[in-house]
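Reviewing the structure listed below.
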Amino acid sequence: MAQPNTQLASLPDDCLAAVLALLPFSERLTACAQMSALQSLQRLHVSSYDQAQDTWRPLGKLPALTELVLSYCCYMPSPKYLSCLVHLQSLSLTATPGSSTGRLDDDCAQELEAALAALQRAPLTQLEMLDCYYVDLPPPPLSRLTSLCSLRFPNDPPPRPGRIRLPAGGWLRTLQRLELSYKLIQVERARKQLEAAAQLQELIVTNVPMPRFGLPLPPLHFLPWAAARPHMRRLTLGLSHDWPLESREAQTDLDALTAAAAQVQRSSPGLTIRIVPGDELHPEEQGLAWDPFA
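Using our numbering, you'd call the opening residue of the sequence shown number 7 and step up by one each time.
Written out as structure tokens, the structure is:
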């Protein structure tokens with residue numbers, strides 16, 4: 007790996023940013039790791055990096071890192087570098103590692119599990135796994151993340167409900183905020199396991215499906231279940247993208263869904279229920295997403 011010019015450390019902040027932007031990423035990260043001023047770096051966002059796991063070596067030299075965001079990267083950092091991030095509190099993964107780059111799904115899944123296992127010593131409180139389609143259930147290493155407060159995992163589960171089982175362990179005891187797909191939260195076994203999340207305050211359900219061909223609303227078993235959680239305060243239903251909200255039929259179905267939610271809310275006055283289009287679940291992210299493989 008090429009070594010950056012040691013004079014970088016003496017540049018003013020505005021010049022430093024401009025110079026670092028011109029370096030290849032591996033050299034840029036090495037430069038950051040070698041500067042004493044950046045030994046206290048707490049937040050890092052890396053996007054569209056396509057080099058192998060071992061090129062992330064400088065990441066292990068940023069011991070103060072508390073927030074790491076990886077978007078559309080082909081590979082996860084090597085576990086031996088992730089294990090150095092003993093203060094990491096937040097990890098957000100979007101299509102990382104990237105199976106859409108031609109990598110096998112099984113390889114990506116194993117790489118993701120190894121990365122999460124390497125973070126078991128970190129005080130991780132927030133974890134997001136978005137567009138990681140090669141995993142259809144929260145990975146088993148979650149069982150070791152015993153300080154987790156917030157999990158976003160909107161993937162659909164495997165088609166056979168008998169295979170659906172969430173990771174065991176203490177990760178549920180501290181969980182306060184959870185985002186799961188409709189197909190997963192509808193599975194009775196999954197809801198039974200989630201009853202161990204006694205501190206759960208907010209549930210976001212993604213991809214709530216539209217009824218087909220005039221059929222009744224899809225089952226909503228999670229509504230009374232969520233209302234029965236002792237600390238639940240917010241429940242958000244994100245509609246799947248196949249709801250044509252401008253059509254009369256869809257509006258009728260939406261009215262029926264709203265009525266079902268209102269009935270549950272009346273019996274739980276401390277609970278707020280929202281129903282929103284799927285692309286409005288996280289308005290703070292609008293305009294920030296970019297998929298280089300689209």
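Just so you know, even glycine gets a beta-carbon here, dropped at the ideal spot from N, CA and C. Note that the coordinates shown come from a computational prediction; the quantities given were computed from them, not determined experimentally.
Return the CA-CA distance between residue 10 and residue 82, expressed in angstroms with no decimal places. Below a pLDDT of 50, predicted positions are generally treated as unreliable, and residue 10, at 36, falls in that range; the measurement from the model is reported next regardless. Residue 10 and residue 82: Cα-Cα distance of roughly 23 Å.
For the pair the segment 55-63 and the segment 89-97, tell me if three or more CB-CB distances fall below 8 Å. Verdict: no, contact absent.
Could you name the residues of the same chain whose beta carbon sits closer than 6 Å to that of residue 135, not counting the 5 residues immediately before and after it, in chain order? The residues are 99, 159.
Alpha-carbon to alpha-carbon, residue 243 and residue 285: For residue 285 and residue 243, the gap between their C-alpha atoms comes out near 11 Å.
Taking only runs that begin and end inside the segment 88-129, name each unbroken beta strand (DSSP E) of 3 or more residues, in chain order. Within the segment 88-129, the complete beta strand (DSSP E) segments at least 3 residues long are 96-100, listed from N- to C-terminus.
Compare the beta carbon distance of residue 168 and residue 149 with 8 Å and say whether it is the shorter of the two. Here residue 168 is not near residue 149, since their CB atoms are 8 Å or more apart.
Residue ranges of each beta strand (DSSP E) within the segment 151-180, 3 or longer: Those beta strand (DSSP E) runs which fall completely within the segment 151-180 and span 3+ residues are 156-159.
With residue 182 and residue 155 assumed to form a contact (beta carbons below 8 Å), what rounded beta-carbon distance in angstroms separates them? Rounded, the Cβ-Cβ distance is 5 Å, consistent with contact.
Hey, is the segment 251-258 in contact with the segment 221-234, meaning 3+ C-beta pairs nearer than 8 Å? As far as the Cβ criterion goes, the segment 251-258 does not touch the segment 221-234, which means the pair count is below three.
From the DSSP output, read off the bridge partner residues of residue 283. Paired residues: 245.
If you reduce the DSSP assignment to three classes, tell me which class residue 132 lands in. DSSP places residue 132 in strand when its eight states are reduced to three.
Give a yes or no on whether the C-beta atoms belonging to residue 204 and residue 172 are separated by under 8 Å. For the 8 Å CB-CB criterion, residue 204 and residue 172 do not form a contact.
Answer with buried or exposed for residue 289, where buried requires no fewer than 16 other C-beta atoms within 10 angstroms of its C-beta. Looking at its Cβ environment, which holds fewer than 16 other Cβ atoms inside 10 Å, residue 289 is exposed.
Counting C-beta neighbours from all protein chains within 10 Å, is the total for residue 212 16 or more, i.e. buried, or is it exposed? Within 10 angstroms of the beta-carbon of residue 212 lie 16 or more other beta-carbons, which makes it buried.
Taking the alpha carbon of residue 141 as the point to measure from, which residue in 104, 125, 67, 152 has its own alpha carbon closest? Comparing Cα positions, the closest option is 104.
Output the distance between the C-alpha atoms of residue 110 and residue 264, rounded to the nearest integer angstrom. So the alpha carbons of these two residues sit roughly 41 Å apart.
What would DSSP say about residue 223, mapped onto helix, strand or coil? Of the three classes helix, strand and coil, the one that applies to residue 223 here is coil, per DSSP.
DSSP state of residue 239 mapped onto helix, strand, coil: The answer is coil: DSSP assigns residue 239 none of H, G, I, E or B.
In the DSSP assignment, what are the bridge partners of residue 208? In the DSSP assignment, residue 208 forms a beta bridge with 183, 240.
Whole angstroms is fine: what's the gap from residue 90's alpha carbon to residue 272's? Going from the Cα of residue 90 to the Cα of residue 272 covers about 49 Å.
In whole angstroms, what separates the C-alpha of residue 261 from that of residue 88? Rounded to whole angstroms, residue 261 to residue 88 spans 48 Å at the Cα level.
Roughly how many whole angstroms lie between the Cα atoms of residue 318 and residue 73? In the structure as shown, the chain starts at 7 and stops at 300, and residue 318 therefore has no counterpart that could be examined.
Tell me which residues share the same chain as residue 60 and place their Cβ nearer than 8 Å to its Cβ, disregarding the 5 neighbours each side in the sequence. Excluding sequence neighbours, residue 60 sits near 84.
Neighbourhood of residue 245 by C-beta, 6 Å cutoff - its chain only, sequence neighbours within 5 removed: The answer, listed in chain order, is 214, 283, 284.
By DSSP, does residue 278 sit in helix, in strand, or in coil? Three-state DSSP puts residue 278 in a strand.
Taking just the CA atoms, how far does residue 143 sit from residue 280? Within the model, the alpha-carbon separation for residue 280 versus residue 143 is close to 25 Å.
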